[in-house]
Each structure stands twice: as structure tokens, then as C-alpha cells.
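Engineer:
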Amino acid sequence: MRYFLTDKWNPDKNIIREAVDVLRAGGLVAFPTETVYGLGANGCDDKAVRKIFEAKGRPADNPLILHISNPAEAEDFAHVNSRARSLMDRFFPGALTLVLPAKPIVPCSVTANLKTVAFRMPYHPIPLALIESLGCPIAAPSANRSGRPSPTDAQAVIQDAGANIDIVIDGGICDIGIESTVIDVSGKNAFILRPGGVSRELIEEFLGEKLVTPASEMMKASPGTRYKHYAPRVPVLLWEKMNDKQTFSCNGSYGYMGLSQPDFYCNSPCMEKIIFNSVENYARGIFACFRSMEKIGVSCIIAETPNEHGIGRALKDRLLRAAGL
Ligand code: TXA
Ligand code: MG
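Residue numbers (our numbering): 21 to 345.
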């Protein structure tokens, strides 16, 4: 693995060139985005994309997002309808991923043999420079080992999958800290498959329609929703502030993270307490916090559940999954 540090607002051209050479040769490059770090391969190269699954230990039936550097690129790989086009106009670049009917040109490894393909145009200058210079979309999932918390800094990438990556580009800490919102716009009704960096409220306001809640059958169409995710190696327990009678039991000391001062009973001592001053900062810090608490050796993590509004919805989703609920 080669490691490069660069300024995200002014990515070093030599580093971009080296990374693109690796992508052209079928290698893997990890890079920051505004959501989380991605593990990328040339999205037009089926063999290269397969390496991502190996490097992550990712189930072969979980499709990948194609990262593009301008909305028009999606037209080469998918049938883009008018709803998708207006969502792209409004939310690209940014933390929104659109699922659309795939054209046959998309490698099967990207779609995991589904008839649809997902697109996202990041606003982060490093992936944009990589995609533009490669001249092809970059297929990339989050750069964690499958099931682990997503990486929001380069050290977490190296820790998880460093040995299987050719180049890691360090562009600092990710702004949002939680993955993109995945919305399926391939059919008549649009629905959110994964809450994320762009809130449901913003999308509904823009589209002027309520997004249908997908039946569980439809959710199964997004394989990522089936697996346990984002979990640290120690149990995560959830605390609702409104529930003042909540008690927790932990074999050893616990770590706490949330927006409020902890106000519950636990049979063991608190080893580490992290209080965020906004829900945005909680979202930005959740995955790094999971990793740091694991490292200092807490026996369990007690996390406050945020209100289901704005980024709070995505944050709550990640907490529920990390808790295995
Ligand atoms: O913010 C993000 O989305 C990050 C950065 C790196 O872009 N990427 C990311 O990728 O989180 P990943 O692979 O960890 O999550 C992508 C999610 C998975 O739940 C996957 O199942 C879903 O998107 N997905 C991808 N293609 C799909 C498709 N064709 N149909 C339904 N779901 C799809
Ligand atoms: Mg992921």
C-alpha cells in the first residue's frame, strides 16, 4: 500500500496522476468523499471491481455505487427519467445516490446482477479529480471491512483494509460522516432505500411528493439493507433521553456518546464520555467514536438516539444497525 496526504481543496496533481494510473491498471484506490471514505476501482472494468469485494470481504450480492463527475455521465450507463434528472439538477454534487434502470454496458460486478445501477456525484474535489482524469465512473463502496463502521479518516481505512489497497489518499476528515441517501427512482414511485446525508424532508419538499415507504419486499431489492452493518466490536446499547427509567448492564466499564448529559442507570463505571454539541457533529463523529471506544477498551457503548429529523434520521438508522436492531 502507498499512502499520500494531500490538501482536499487543491489535490496534488502528481498524486491524482499516480492514483489514476493504478485505477487504469485495475488496482484499488481509497479516497475521501464528503460522506465517508470510498474504496474505488475503475467502474468500467469488471475484473477490477471484483477486487473490491475481496478487499472488503463484501457479499457478492451487494451492488456498488458508480461515482460520476457530472450528471450527464449517468446517461451512458442508465435510463435516466425526468424525476432523476431533476433530482440530479438539485442535489448533484452531494450526498444523494440515485438508483436507475441499468444499461447493459454496466459490469455485472457493479450491479451484483440487478437490473438497476446506483449513481452519486460527490462534491469532494479529490474523487472529482480522479473520475475526471480517469474518464470513467469509479465504482466504490465505503472503505471499511464489510460490517464494520464506515471510515471517516484515512487511518480507519488503513486499519481495516490497508493491506488490500494499492493507494490510500488522505484528504482529512469527512464533512458529513454518514453515507449518502440512497433513493430508488427506477420505477413509478420513488422511495428511500437508505437514509443519509440529504434528508428525506429536503427531497420531499423539492419533489413536492411524499416518498412512499417501501414494503419490506422492496427493501430486499437493496441488498445492503439485509446485512448487519456499522458495528463496532463491542455491543452498542441505545438510550432514549425521554425514557428516564432506562437501566443498562455492562460487564466492565462503558463509553457514552450522545447529545445530552447521560441520565440513566448503569451497573458499571463510565470510562469515556463524548457529548456532541449538535446532531451534525454527532453524525460526523459517530463512526470515529465507535472505533476510538473500541480501542480504549470499553466493554460496551451506550449511545443516545437522536430525534428522527434531518440528519438525525440517518444517524438513528446507523445506531439501530450498529446495535443489531
Ligand atoms: O456515501 C456513500 O454512499 C459512500 C461513498 C463512498 O460514496 N458509499 C457507500 O457505498 O456507502 P456502500 O457500498 O457502502 O453502500 C451503498 C448502498 C448499499 O446499501 C447497496 O446495497 C446500495 O447502496 N445499492 C447500490 N446499488 C444499488 C442498486 N442497484 N439497487 C439498490 N441498492 C443499491
Ligand atoms: Mg458501506
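Cβ coordinates follow ideal geometry from the N, Cα and C atoms, glycine included.
Computed from a predicted structure; not experimentally measured.
Use the C-beta contact count for GLU199: other C-beta atoms within 10 angstroms, 16 or more gives buried, fewer gives exposed.
Structural biologist: Translated into the one-based positions of the sequence shown, residue 199 becomes position 179. It is buried - the Cβ of GLU199 has at least 16 other Cβ atoms within 10 Å.
Engineer: Would you mind stating whether VAL205 and LEU118 have Cβ atoms separated by less than 7 Å?
Structural biologist: Mapped onto the sequence shown, residue 205 falls at position 185. Mapped onto the sequence shown, residue 118 falls at position 98. Yes. Within cutoff.
Engineer: Which of the three DSSP states is assigned to THR131 in this structure?
Structural biologist: For the purposes of this step, residue 131 is taken as the residue at position 111 of the sequence shown. THR131 falls in the helix class under three-state DSSP.
Engineer: Counting only the same chain and skipping the five closest in sequence on each side, list residues whose C-beta sits under 8 Å from that of ASN62.
Structural biologist: As a working mapping, residue 62 is identified with position 42 in the sequence shown. The answer, listed in chain order, is LEU43, ARG44, GLY46, ALA68, VAL69, LEU154, CYS156, ILE158, ALA159.
Engineer: Quick one: Cα of ALA323 to Cα of PRO171, how far?
Structural biologist: Here the question's residue 323 lines up with position 303 in the sequence shown. Here the question's residue 171 lines up with position 151 in the sequence shown. Near 19 Å, if we compare the C-alpha coordinates of PRO171 and ALA323.
Engineer: Ordered along the chain, which non-local residues of its own chain (more than five positions away) have a Cβ less than 6 Å from that of GLY182?
Structural biologist: Locating residue 182 in the sequence shown gives position 162, counting from the first residue. Cβ neighbours of GLY182 beyond the five flanking positions: MET21.
Engineer: Contact check, PHE310 vs PHE284 under 8 Å by CB: the rounded distance?
Structural biologist: What you label residue 310 is simply residue 290 of the sequence shown in a count that begins at 1. What you label residue 284 is simply residue 264 of the sequence shown in a count that begins at 1. In fact, because the Cβ distance is near 19 Å, the residues do not count as touching under 8 Å.
Engineer: Is GLY60 helix, strand or coil by DSSP?
Structural biologist: Here the question's residue 60 lines up with position 40 in the sequence shown. Correct three-state label for GLY60: strand.
Engineer: Quick check: the stretch 279 to 296 against the stretch 318 to 334, are at least 3 beta-carbon pairs closer than 8 Å?
Structural biologist: Judged by Cβ distances under 8 Å, the stretch 318 to 334 makes contact with the stretch 279 to 296, as three or more pairs qualify.
Engineer: Please state if the CB of LEU84 and the CB of VAL126 are separated by a distance shorter than 7 Å.
Structural biologist: Translated into the one-based positions of the sequence shown, residue 126 becomes position 106. Translated into the one-based positions of the sequence shown, residue 84 becomes position 64. Not in contact: VAL126 and LEU84 (Cβ atoms no closer than 7 Å).
Engineer: Apart from the five residues just before and just after VAL100, which ones in its own chain have a Cβ nearer than 7 Å to its Cβ?
Structural biologist: Locating residue 100 in the sequence shown gives position 80, counting from the first residue. Excluding sequence neighbours, VAL100 sits near ALA94, LEU120.
Engineer: So which of THR136, GLU314, ALA50 has the shortest CA-CA distance to ARG253?
Structural biologist: If you number the sequence shown from 1, residue 253 lands on position 233. Residue GLU314 is the option with its Cα nearest to ARG253.
Engineer: Can you tell me whether ALA80 is buried or exposed, with buried defined as 16 or more other CB within 10 angstroms of its CB?
Structural biologist: Taking the first residue of the sequence shown as 1, we reach residue 80 at position 60. With fewer than 16 other Cβ atoms within 10 Å, it is exposed.
Engineer: In this structure, what does DSSP give as the bridge partners for MET277?
Structural biologist: Here residue 277 corresponds to residue number 257 of the sequence shown, with the count starting at 1. Looking at the DSSP assignment, MET277 forms a beta bridge with ILE294, ALA323.
Engineer: Tell me whether GLY330, by its Cβ, gets closer than 6 Å to a heavy atom of the ligand TXA.
Structural biologist: Locating residue 330 in the sequence shown gives position 310, where the first residue counts as 1. GLY330 Cβ: outside cutoff for every heavy atom of the ligand TXA.
Engineer: So which of GLY217, ILE72, ASN34 has the shortest CA-CA distance to VAL49?
Structural biologist: Here residue 49 refers to the residue found at position 29 when the sequence shown is read from its first residue. With distances taken between Cα atoms, VAL49 lies closest to ILE72.
Engineer: Does the separation of the CB atoms of PHE51 and PRO147 fall below 7 Å?
Structural biologist: Looking up residue 51 in the sequence shown gives position 31. Looking up residue 147 in the sequence shown gives position 127. Yes, Cβ-Cβ distance for PHE51 and PRO147 is below 7 Å.
Engineer: By DSSP's criteria, TYR285 is part of a beta bridge. Which residues make up the other side?
Structural biologist: Here residue 285 corresponds to residue number 265 of the sequence shown, with the count starting at 1. THR267, per the DSSP bridge assignment.
Engineer: Among the candidates SER106, ASN287, ILE331, ILE187, whose CA atom is the shortest distance from the CA of TYR57?
Structural biologist: As a working note, residue 57 is residue 37 in the sequence shown. Minimum Cα distance to TYR57 is reached at ILE187.
Engineer: Give me, in chain order, the residues of the same chain whose beta-carbon lies closer than 8 Å to that of ASP109; leave out the 5 immediate sequence neighbours on both sides.
Structural biologist: Here residue 109 is taken as the residue at index 89 of the sequence shown, counted from 1. Correct list, in chain order: PRO91.
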